[in-house]
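Under our numbering, the first residue of the sequence shown carries the number 159, and numbering increases by one thereafter. This report refers to the structure that appears directly beneath it.
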Amino acid sequence: MFTGLIREVGTVVSSADGRLELSAPETARGVALGDSIAIDGICLTVVAFDDEHLSFQAVPETLARTSLATLDRGSRVNLEPALRVGDALGGHYVQGHVDGVGHVRSTAAEGEGKRIWIDPPAELLRYIAEKGSIAVQGTSLTVAAVDDAGFAVALIPHTLDETTLGALADGDVVNLEADVLAKYVEKLLPR
159 MFTGLIREVG TVVSSADGRL ELSAPETARG VALGDSIAID GICLTVVAFD
209 DEHLSFQAVP ETLARTSLAT LDRGSRVNLE PALRVGDALG GHYVQGHVDG
259 VGHVRSTAAE GEGKRIWIDP PAELLRYIAE KGSIAVQGTS LTVAAVDDAG
309 FAVALIPHTL DETTLGALAD GDVVNLEADV LAKYVEKLLP R
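Spelled out as structure tokens, the structure:
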């Protein structure tokens, strides 16, 4: 379980055949073998590490459902270690189970911040509500607006500076995880 509050932006050292190695010194210092770390919102297990690097292995399901296979050497990624008992929950409950990838429709400056419109897979739209929560690249965000094809988020300068979201451009692919509460409510309602 995660909160969607990014703790470090790491750099891809290598990515091939489902293996991923990152340079992430801050996260590597506090990690143990088998720990769960969200990488751009994807919950992955640490399979090796040293003082500055973390290694992960992804299964075909993860590669098919996320943007992980598109990462290249030098790509920047959002990192968040799993929530621990006693940690503050400043974002929302994020599982690290990516529902699908969306595409950035447009980005526009808004004062010192930025508004980003994202088009998710059509089946995900029913879980996205204005002023609800969504994880984009693992970052907990509030939905600012919704239309027939997608949704917008409004990012403050801190989020732009401390995550990879400030570098997003039109057409970029992003990992999306809808609020788990919306999915449970749908499951519990009679059909």
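Glycine included, C-beta positions come from ideal geometry on N, C-alpha and C.
- With a threshold of 16 other beta carbon atoms within 10 Å, Glu-335 meets it and is buried.
- In this structure, Ala-312 sits near Lys-272, with a CB-CB distance shorter than 9 Å.
- About 7 Å separates the beta carbons of Leu-178 and Ala-216, which is inside the 8 Å limit, making them a contact pair.
- With respect to the 9 Å criterion, Arg-263 and Gly-324 are not classified as neighbours on the basis of their beta carbons.
- For the beta strand (DSSP E) assignment, the uninterrupted runs of no fewer than 3 residues enclosed by the segment 260 to 304 are, from N- to C-terminal side, 271 to 277, 291 to 294, 297 to 304.
- The secondary-structure analysis by DSSP pairs Glu-238 across a beta bridge with Ala-196.
- In the three-state scheme derived from DSSP, where H, G and I count as helix and E and B as strand, Gly-324 is classed as helix.
- Put simply, of Glu-288, Asp-175, Val-301 the residue whose alpha carbon is nearest the alpha carbon of Glu-219 is Asp-175.
- In the three-state scheme derived from DSSP, where H, G and I count as helix and E and B as strand, Glu-335 is classed as strand.
- Shown here, Arg-177 sits in a strand according to DSSP, grouped into three states.
- By the neighbour-count definition (other C-beta atoms within 10 Å, threshold 16), Asp-198 is a buried residue.
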